[in-house]
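Asks:
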Amino acid sequence: MKFTTTAAIATAAAVVSALPQANTQSPKITDGAFTLMSLRTGTPIQFGNVQAADSSLYINAKDLNFRCGTTGPNAQFGLSNGTLSLWTNIPPQVMYVDRSGMGQGVLKYTTGVEPLPKNAERQGWVLDEQNQLTFVSPAGDKYGLQACSGAANGGYKIWLSGTPNPAGNTDCIPFSAQALKVENPQTCMYT
C-alpha cells in the first residue's frame, strides 16, 4: 500500500513539473521609460516608490518638489548606452555616481550643462534579464543600490552599494531596484 501511494505521488509530481509554466517575468526593457520599485522583503522600503528631487533619488519621501503631469510619486527614467537619465525634455537630467572615498557611492543627477563633480561617472548602468538596475564599473565590478534612512523629506536616500553607512548615514538597507515599463510616459522637471 505504501509503495502504491508513494509511486502515485511521484508520478503526479513528475507530470505536474513537466507541464508548461506560466511566464511571470516581464519582457526585458530595452527602450522607453520605466519607473523603479525597491525590493527588500521585511523592510520599510519593500515595494517602495523611487522618486527624484534635489538632485538625488529617494524612496517613499514626502512633499517632493517637481513639475509633472499625473505620474504620481514615481520618477520616470530612460536608459541609453549605459547612461541613466530622468525622463525629461530640455534640459536633460542625467544620473551620476561617485564611487571614490570622497563620494562614498553618492548617487545624484545634473541638470542641463551643469558640470560633473570630480570622480563622477555617468556610464555603467544596466538592466539585467530580470529588469533590475545595477551599475557596472569600467573594471567590471557590479554595484547594487542601498537606501539610508533620515532623508530631509522623510523616507530614504538612495546610494550606490559598496560603502557601509555612506557619509555617516545609518540604517542603510541594500535593495534591488526593479524597473517597471511605463506605457504612456510623461516628461517631468525635477528639482
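According to my numbering, the sequence shown is numbered sequentially starting from -19.
The C-beta atom is built at its ideal place from N, Cα and C for all residues, glycine as well.
Please classify proline 7 as buried or exposed, where buried requires at least 16 other C-beta atoms within 10 Å of its C-beta.
Replies: So proline 7 counts as exposed.
Asks: Going by DSSP, name the residue or residues bridged to glutamine 166.
Replies: BP columns for glutamine 166 are empty, so no partner.
Asks: For the beta strand (DSSP E) that contains phenylalanine 27, what are its first and last residues?
Replies: Here phenylalanine 27 belongs to no beta strand (DSSP E), and DSSP marks it neither H nor E.
Asks: Tell me the residue span of the beta strand (DSSP E) that contains methionine 82.
Replies: Counting along the chain, methionine 82 falls outside any beta strand (DSSP E), and DSSP gives it neither H nor E.
Asks: For threonine 143, tell me which candidate among Arg79, Asn69, Val30, Phe14 has the shortest Cα-Cα distance.
Replies: Comparing Cα-Cα distances from threonine 143 to each of Arg79, Asn69, Val30, Phe14, the minimum goes to Arg79.
Asks: Spell out a yes or no on whether the stretch 110 to 125 and the stretch 163 to 170 are touching, meaning 3 or more CB-CB pairs, one atom from each, closer than 8 Å.
Replies: Too few Cβ pairs lie closer than 8 Å, so no.
Asks: Measure the Cβ-Cβ separation of glutamine 73 and leucine 64 and say whether it is below 8 Å.
Replies: Going by C-beta atoms, glutamine 73 is not nearer than 8 Å to leucine 64.
Asks: Where alanine 33 and serine 156 are concerned, what is the direct C-alpha to C-alpha distance, given to the nearest angstrom?
Replies: So the alpha carbons of these two residues sit roughly 20 Å apart.
Asks: Measuring CB atoms only, is the stretch 123 to 138 touching the stretch 22 to 38, in the sense that at least three cross pairs come out at less than 8 Å?
Replies: Because the criterion of three Cβ pairs below 8 Å is met, the stretch 123 to 138 and the stretch 22 to 38 touch.
Asks: Can you give the Cα-Cα distance for aspartate 11 and threonine 91, rounded to whole angstroms?
Replies: Whole-angstrom Cα-Cα distance: 22 Å.
Asks: Within 10 angstroms of the Cβ of leucine 160, are there 16 or more other Cβ atoms? Answer buried if so, exposed if not.
Replies: Flag for leucine 160 reads exposed.
Asks: CA-CA distance, isoleucine 9 and glutamine 84?
Replies: Between isoleucine 9 and glutamine 84, the C-alpha separation is close to 29 Å.
Asks: Do threonine 21 and alanine 55 have their C-beta atoms closer together than 8 Å?
Replies: No, they are not a contact pair.
Asks: Is tyrosine 76 closer than 8 Å to arginine 102 when the C-beta atoms are compared?
Replies: Contact flag set, yes.
Asks: In whole angstroms, what separates the C-alpha of asparagine 99 from that of leucine 113?
Replies: Cα to Cα, asparagine 99 sits roughly 21 Å from leucine 113.
Asks: Pull up the DSSP beta-bridge partners for leucine 113, would you.
Replies: DSSP output for leucine 113 lists Leu107, Ala157 as bridge partner(s).
Asks: Apply the 10 Å Cβ neighbour rule to lysine 42 and answer buried if 16 or more other Cβ atoms are within range, or exposed otherwise.
Replies: Label assigned to lysine 42: exposed.
Asks: Which one of Leu44, Asn111, Cys152, Phe115 has the shortest CA to CA distance from glycine 134?
Replies: Per the Cα distances, Leu44.
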